[in-house]
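According to the numbering used here, the stretch in the first sequence is residues 22 to 884, in order.
For every residue, glycine included, the Cβ atom is placed at its ideal position computed from N, Cα and C.
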Amino acid sequence: MATVGRCAMKNYSTDFPKLGKVATIQLMHFEYDPSSVEAKWQERWNEAHVYEVDLQKAKKPYFTHVMFPYPSGDKLHIGHWFNYSPADTFARFKRMQGYDVFSPIGFDAFGLPAENYAIKTGVPPQQSIPENVRTMITQLKRIGCMYDWNRMVNTSHPEYYKWTQWLFIQMFKNGLAYKKKASVNFCPNCQTVLANEQVKEGCCERCGTPVIQKMMEQWFWKITQYADRLLQGLDQLDWPEKTKTMQRNWIGRKEGIDITYAIEGTKESVTCFTTRPDTNFGVTFIVLAPEHPFVKKILIGELKSDHKKEIAAYVSASLKKTELERQEEGMSKTGVCTGFYAVNNLNNTKIPVWVSDYVLAGFGTGAVVGVPGHDLRDFQFAQKFKLPVVRVVVTSDGDTSAIEREVQVQEESGTMINSGFLDGLDIHEATEKIMDHLEEKGWGKRIVTYRLRDWSIGRQRYWGAPIPIIYDPEGKPHAVPEKNLPWLLPQDVEFKPKGTAPLAQSKELFARTEKIFGKGWTPEVDTMDTFVCSSFYSFMYLGATNERGEYREPDVTKNVLVDPVLEKKWMPVAMYIGGAEHACMHLIYARFVTMALKDFGFVSHEEPFKKLVHQGVITNKGAKMSKSKGNVVSPDAFIERHGSDVFRMYLMFMGPFTDGGDWSDTGIKGISRFIQRVYKLIQPLGESDKMNNKSVQEDVSVKRALHKTIKQVTESLETLHFNTGISGLMELLNVLEKAEYVSVETAQTFTKLLAPFAPHLAEELWEILNNVSFRAQSRSDTSSDFIINKPWPSFDPSLLVTDTMTIVIQVNGKVRGDVQVASDASKEEIIASAKQNENVMKYIQNGIKKEIYVPGKLVSFVI
RNA sequence: GCCGCUGUGGUGAAACGGUAAACACGGAGGACUUAAAAUCCUCUGCCCGUUACAGGGCUUCCCAGUUCAAGUCUGGGCAGCGGCACCA
Numbered sequence: 022m023a024t025v026g027r028c029a030m031k032n033y034s035t036d037f038p039k040l041g042k043v044a045t046i047q048l049m050h051f052e053y054d055p056s057s058v059e060a061k062w063q064e065r066w067n068e069a070h071v072y073e074v075d076l077q078k079a080k081k082p083y084f085t086h087v088m089f090p091y092p093s094g095d096k097l098h099i100g101h102w103f104n105y106s107p108a109d110t111f112a113r114f115k116r117m118q119g120y121d122v123f124s125p126i127g128f129d130a131f132g133l134p135a136e137n138y139a140i141k142t143g144v145p146p147q148q149s150i151p152e153n154v155r156t157m158i159t160q161l162k163r164i165g166c167m168y169d170w171n172r173m174v175n176t177s178h179p180e181y182y183k184w185t186q187w188l189f190i191q192m193f194k195n196g197l198a199y200k201k202k203a204s205v206n207f208c209p210n211c212q213t214v215l216a217n218e219q220v221k222e223g224c225c226e227r228c229g230t231p232v233i234q235k236m237m238e239q240w241f242w243k244i245t246q247y248a249d250r251l252l253q254g255l256d257q258l259d260w261p262e263k264t265k266t267m268q269r270n271w272i273g274r275k276e277g278i279d280i281t282y283a284i285e286g287t288k289e290s291v292t293c294f295t296t297r298p299d300t301n302f303g304v305t306f307i308v309l310a311p312e313h314p315f316v317k318k319i320l321i322g323e324l325k326s327d328h329k330k331e332i333a334a335y336v337s338a339s340l341k342k343t344e345l346e347r348q349e350e351g352m353s354k355t356g357v358c359t360g361f362y363a364v365n366n367l368n369n370t371k372i373p374v375w376v377s378d379y380v381l382a383g384f385g386t387g388a389v390v391g392v393p394g395h396d397l398r399d400f401q402f403a404q405k406f407k408l409p410v411v412r413v414v415v416t417s418d419g420d421t422s423a424i425e426r427e428v429q430v431q432e433e434s435g436t437m438i439n440s441g442f443l444d445g446l447d448i449h450e451a452t453e454k455i456m457d458h459l460e461e462k463g464w465g466k467r468i469v470t471y472r473l474r475d476w477s478i479g480r481q482r483y484w485g486a487p488i489p490i491i492y493d494p495e496g497k498p499h500a501v502p503e504k505n506l507p508w509l510l511p512q513d514v515e516f517k518p519k520g521t522a523p524l525a526q527s528k529e530l531f532a533r534t535e536k537i538f539g540k541g542w543t544p545e546v547d548t549m550d551t552f553v554c555s556s557f558y559s560f561m562y563l564g565a566t567n568e569r570g571e572y573r574e575p576d577v578t579k580n581v582l583v584d585p586v587l588e589k590k591w592m593p594v595a596m597y598i599g600g601a602e603h604a605c606m607h608l609i610y611a612r613f614v615t616m617a618l619k620d621f622g623f624v625s626h627e628e629p630f631k632k633l634v635h636q637g638v639i640t641n642k643g644a645k646m647s648k649s650k651g652n653v654v655s656p657d658a659f660i661e662r663h664g665s666d667v668f669r670m671y672l673m674f675m676g677p678f679t680d681g682g683d684w685s686d687t688g689i690k691g692i693s694r695f696i697q698r699v700y701k702l703i704q705p706l707g708e709s710d711k712m713n714n715k716s717v718q719e720d721v722s723v724k725r726a727l728h729k730t731i732k733q734v735t736e737s738l739e740t741l742h743f744n745t746g747i748s749g750l751m752e753l754l755n756v757l758e759k760a761e762y763v764s765v766e767t768a769q770t771f772t773k774l775l776a777p778f779a780p781h782l783a784e785e786l787w788e789i790l791n792n793v794s795f796r797a798q799s800r801s802d803t804s805s806d807f808i809i810n811k812p813w814p815s816f817d818p819s820l821l822v823t824d825t826m827t828i829v830i831q832v833n834g835k836v837r838g839d840v841q842v843a844s845d846a847s848k849e850e851i852i853a854s855a856k857q858n859e860n861v862m863k864y865i866q867n868g869i870k871k872e873i874y875v876p877g878k879l880v881s882f883v884i
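Following this line, the structure appears as C-alpha cells:
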C-alpha cells in the first residue's frame, strides 16, 4: 500500500498534529517503518548521551556486561545478537527499575583470531584490526544496545596493554610468574605454545590441528597456588551449577598418598602417587612415564640395564606421538621392562619396574603402582605382558573383582582380602589405616594433587602484548621498569608465523633494549596469551574514558589499575553474560587474576563476577554455525527487512535464553506482525483527542489484564525468561485490540513494558503519547524525556483479584466439571455448589470418601 | 568410562504438584481484492460418539513408585546434547 513509510516521514517533529486530521486518520492504514525510526532514535540517544553513566555520582550501581567480542573480519553473527540483545533487554529493565546501569562494551583485539585473520588477508593486524573494530562499532550501534561508548576498551591499544604488562610485572614481583623448561602443548599450525585449557580433544582450540608435546622454556603463572581458593570461592557464586562443576572437575582436587619404593641393587627410589592405597597388597608392578628421571638415568648410562636399547627406542617413539595418537591407541597398551625391581615393604615382594606411555609425566609423580586386580588400565597392561593379577577387595555381591566382568568399577564399598592386617576391613577404613601405617613407617606421605596445571602464558606469536621482561648479560630475567611501559610491540617484523617468535626478528626491539638497559641486555620475545588481556578487563572498563580506548589513569607507576573508590562501588560485576565455552578458560583465569590482584592490594574483591549466565547456542540444522561449515546465518537481511527491534525480539521469543536452539526464520513474521499491531493500536492515540472524551470509560477488565501483564513481564525479566515476557505482551495486546477503549495511561504503561524488548519502537510511541498527554494536561509524565529514564511500572495486587472465580471439580483425580463462585465464597459454599454440578453428580452418587479443597483452584472428591 | 543437562502437538514452545499444549509459526476454510501480497475472522493434539450439542477415552521418551492429584517428586531404563578422559 502506498502509505508505507508515510507515517515514518511525519510525526518526527514535536509539533502537535493539525486539527481536523482525526477523521481521516482512522481510515488510513498505518505501517511502522523501522529503518528510519531506529536510525532516528539511535542518533538521539547518541546526542543526548543517555547511556553514559557518571560512575562517581551513581547512587544505585549495577554493573553488567557481556563477554566482549574479538574483532575478526566477519560481521556480527547470530551468536553475537543472541548474546547481546537479551543482555541489553535485561540491562534496560534494570535501568527502568531505577538502577544506575553501567553496561560497557569493548574488544578482545589481541590474539590468534585477529592475527589469523590478518595472515589470511595479508593485511597487517595493526592496520586491519582498527578497521574491523570500526565496522563492528557501527554494527553494534545498530543493535541499539545501551552501551556506554565513552568507556570502551580495546586490549590491543597501548593504553590498555601497558596495564596487561603491568599485571605481568606484579605477578613476576610477587613470585607468581616464572620461567621454566617444561613439556608444553604446541600447535604446529599456529606455531605456538598453548595452555592446557586451550587444547580440546588433543587438538588446538583455535584451528583444530593435533597438538604435540614439546620441551620448551616457557613463562607460567602459578594458578595452581590458588587451586583451593578457586575451589572454595565457587560456593559463594551465583553461577550455573554446571559451570561450577566444570571448574571443580577442571581443578580436580584429589587426596592420596605418595609411596616411595626402593629399587633393588641401586641407591635409587621411585615415588608413586595413588588414591587407592587400600589396594596396595595387590600391587604387582610399577610403571614409569617415558619422561621419568629414573628412565633418563638408564638412558644416560648412570644405571646399567640390559634393556637400554629397547627403552631408548620406546621412549623416543612415544615422545614423538601427538596427544591425539596417544589417545587413539586407546586400550592397546605398550611398554618395556627396565629389568629393575622395586620392593613392596608391606609384603616384602619384588615388583618389576616397567615404562609405558599410559602413565603421564605431568600428573602425580609420573609413576604409578600397577594394581591389575582393581584398575582396568593396569589389568590390560598385565594381560598384555603376562603380569600376575591379585585381588584384594570383595564387593558386596561376593565378586572378588569387577575385572572378572571385564569392566572397570571403582568400588564404592567392599571388604579387604589377601591384604594382611587390612583383611576384613571396609575399603574406606582400610584406606585410612594403611595411610597411617605408611606414614608411621616413613614409606609414604599423604598428599593432595590437582589436575589444574600452571597457566602457560607465553605465545610465539606477533599479535599480543609483549612480555615485559629483559635479560641481563648473564641471562637472568628482570622486569621492564614500570616507567618504560607500555613496552611497545615492535613494528619491524614479519607478522606471519615461522616457528620462532616473530619479535626475535625485530632490530628495533633489541636496539631499544640495549639503549635503555645497556650492552648485552636482550628482550623477551614471546607475547602474552590473549586470555591474560581479558582476565582483568572488567576493572579496565571502570578506568576507561572514551571511545578511542584511552584511560583515566595513564601513569602505571602509580599502580592504580582502577580507582579504589570506583572498584569498591562497582565490582563485582552484578550480571555477566556470555558463552559456556569459557567455563574453564577465561572464567577461571579472571578469577585467579582477581584473587592475585586482591592479594597484591590493588583491588578489594576476590571474585570478579557475582552472577553469571550463559546464553544457549544457536545452531543451524543441528550443527554449530561456523564459517568453515558455511552454515552461518547473517542477521543483516533480517534487520534490513524487519529492523533491530523485531530481530532481537524474535531471538528472545524463539525459546529460553539459556537453551539456545536450532535456527529457523519461520517465526519472525509473528514478531513483525506484533510490532506492526502495537504501532497500529497506539499510534492513533497520539493523533486523536479520543482520550479527552470523559464519557467513555476503560473497561475494568482492561486494567486487570494490564496489571496481570505488569506482574508477569516483571517476573519474566527478573528471571531472564524473555520468551514468556514477550508472550505476556502479546496476550495483553490481544486484549487491548478487542477493547472498545484504551486509555493513554494504559498505552503508556504498555509502552514501558515493551521498552526493554523493543527500545526504538518504545521511544517512538512514548514520544507520540507524550504529545497527547501534553495537550491533555492530565499526565505527570509530560517531559520529552526518553522512556528509558521512566520508572518501571508496578502492579496493583488488588486488581489481580476478580469478583468470581472458576473452581475445577475433580472426581478421583479426573476433571468432571467446573463451577463459578464468588471470590469470597467459603469452603463449604464452594463444595456445596460443586456437588450440584450435573455432570459431577453422576460420579458421586455412591458417596464421597474424602473432600479436598485447594483455595481458588479446585475441589477434589474421592469416592 | 566419569560428571552435568535435556526429552511435551506438524514446528518454536508454555505450565507455584492442581483444567497439559498459553503465546507464536505453519496448515485448513472464509472476508476484502480484477489478482497477488498485506490485513481481518473461524477452526486446528489423537480416538470414540452425535445431524448438531452433550458426553467419554487416550496423550508430556519407556517402566515402576509416592499422592485425592505427577510433564513436574522418587527409583530404574532408553535416547540426544555438552564437558572431562590412559588423571593412577
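Notebook entry, point to check: Do you know offhand how far Ile-150's Cα is from Ser-57's?
Noted result: Going by the C-alpha atoms only, they are around 30 Å apart.
Next on the checklist: Starting from Asp-854, trace the beta strand (DSSP E) in both directions and tell me its first and last residue.
Outcome noted: Note on residue identity: the sequence assigns Ser, not Asp, to residue 854. Where Ser-854 is concerned, there is no enclosing beta strand (DSSP E), although the alpha helix (DSSP H) it sits in stretches over 848 to 856.
Item to complete: From the DSSP output, in three-state form, read off Asp-550 for me.
Response: If DSSP states are grouped into helix, strand and coil, Asp-550 belongs with coil.
*Can you tell which of Asn-365, Tyr-120, Ala-248 has the C-alpha that lies nearest to the C-alpha of Ile-307?*
Per the Cα distances, Asn-365.
In chain order, which beta strand (DSSP E) runs of at least 3 residues are fully inside the stretch 666 to 724?
Here the runs fully enclosed are 681 to 683.
* To do: In angstroms with no decimal places, state the Cα-to-Cα distance between Met-751 and Ser-655.
  => Cα to Cα, Met-751 sits roughly 27 Å from Ser-655.
On the DSSP bridge assignment, give the partners of Pro-409 in chain order. Beta-bridge pairing links Pro-409 to no other residue.
In this structure, how does DSSP classify Glu-872 when only helix, strand and coil are distinguished? In the structure shown, Glu-872 sits in a strand (DSSP, three-state: E or B).
Per-residue DSSP class, three states only, for Thr-745: Helix, per DSSP.
_C-alpha gap between Ala-423 and His-742, whole angstroms_ = Its pLDDT being 45, under 50, Ala-423 is placed unreliably in this model, and the coordinates cannot settle the point.
Taking C-beta to C-beta, are Ala-662 and Ser-106 nearer than 8 Å? Correcting the residue type first, residue 662 is Arg in the shown sequence and not Ala. With contacts defined by Cβ atoms closer than 8 Å, Arg-662 and Ser-106 do not form a contacting pair.
Can you tell me the Cα-Cα spacing of Pro-544 and Ile-491, whole angstroms?
Spanning the alpha carbons of Pro-544 and Ile-491 requires a straight line of approximately 4 Å.
Mind checking whether His-607 and Ser-559 have CB atoms under 8 Å apart? For His-607 and Ser-559, no; Cβs fall outside 8 Å.
C-alpha distance - Ser-693 paired with Val-883, whole-angstrom precision: Rounded to the nearest angstrom, the two C-alpha atoms are 49 Å apart.
Starting from Thr-770, follow its DSSP beta bridges and name the residues at the other end. According to DSSP, Thr-770 bridges with nothing at all.
TODO: Measure the C-alpha to C-alpha separation of Ala-776 and Lys-871 and round it to an integer number of angstroms.
DONE: Answer to the nearest angstrom: the Cα atoms are 50 Å apart.
* What does a CB cutoff of less than 7 Å around Glu-73 pick up in its chain, not counting 5 residues either side in sequence? -> Within the same chain, Glu-73 has close Cβ partners Asp-169, Asn-171.
Bridge partner(s) assigned by DSSP for Val-376: Checking the DSSP bridge columns, you'll see Val-376 partnered with Leu-309, Val-357.
Between Tyr-700 and Leu-782, how many whole angstroms is the CB-CB distance? I'm expecting something under 8 Å. The Cβ separation is near 7 Å, so the contact holds.
Taking only the alpha-carbon atoms, compute the straight-line gap between Arg-573 and Thr-566 and give it to the nearest angstrom.
Their backbone Cα atoms lie some 6 Å apart in a straight line.
Review point. Can you give the Cα-Cα distance for Arg-569 and Thr-640, rounded to whole angstroms?
Key: In a straight line, the C-alpha of Arg-569 is about 35 Å away from that of Thr-640.
I need the DSSP call for His-499, collapsed to helix, strand or coil. Three-state DSSP puts His-499 in a strand.
- Query: From Lys-878 to Gln-831, what does the alpha carbon distance come to, in whole angstroms?
  - Reply: Across the structure, Lys-878 and Gln-831 are spaced so that their CA atoms are roughly 11 Å apart.
Check whether the stretch 81 to 90 touches the stretch 109 to 125, counting contact only when three or more Cβ pairs, one atom from each stretch, lie closer than 8 Å. Touching, per the Cβ criterion.
CB-CB under 6 Å to Met-88, same chain, minus the five flanking residues each way: which ones, in chain order?
So the list reads Gly-599, once near-sequence residues are dropped.
Check: In chain order, what residues of the same chain lie with their CB nearer than 7 Å to the CB of Ile-99, ignoring the 5 residues before and after it?
Finding: Within the same chain, Ile-99 has close Cβ partners Ile-639, Met-646, Val-654, Pro-656, Trp-684.
Is the beta carbon of Ala-486 closer than 8 Å to that of Thr-548?
Yes, they are a contact pair.
- Query: DSSP three-state call for Arg-837: helix, strand or coil?
  - Reply: Under the three-state reduction of DSSP output, Arg-837 falls in the strand class.
Best match in Lys-263, Tyr-282, Ala-283, Asp-249 for proximity to Glu-276 [C-alpha to C-alpha]:
Selected option, being the one with the closest Cα: Asp-249.
Can you tell which of Ile-851, Asn-867, Gln-857 has its C-alpha closest to the C-alpha of Ile-873? Relative to the Cα of Ile-873, the nearest Cα in the group Ile-851, Asn-867, Gln-857 belongs to Ile-851.
Between which two residues does the beta strand (DSSP E) holding Glu-238 run?
In the DSSP assignment, Glu-238 falls within the beta strand (DSSP E) that extends over 233 to 242.
Cys-228, buried or exposed, once every other Cβ within 10 Å from all chains shown has been counted against 16: The residue is exposed, with fewer than 16 neighbouring Cβ atoms inside 10 Å.
Query - Local conformation of Gly-229 per DSSP, three classes - result: In the structure shown, Gly-229 adopts coil according to DSSP, grouped into three states.
Note to self: Rounded to the nearest angstrom, what separates Asp-256 and Met-267 at their Cα positions?
What the structure shows: Near 13 Å, if we compare the C-alpha coordinates of Met-267 and Asp-256.
For this session: Let me know the alpha helix (DSSP H) ranges lying completely inside the stretch 604 to 677, each 4 residues or longer, listed in chain order.
Result: Segments of the alpha helix (DSSP H) lying fully in the stretch 604 to 677: 607 to 621, 657 to 663, 665 to 674.
**Report entry** Segments of 3+ residues assigned as beta strand (DSSP E) that fall wholly inside the stretch 233 to 306
**Finding:** Within the stretch 233 to 306, the complete beta strand (DSSP E) runs of at least 3 residues are 233 to 242, 275 to 283, 290 to 295.
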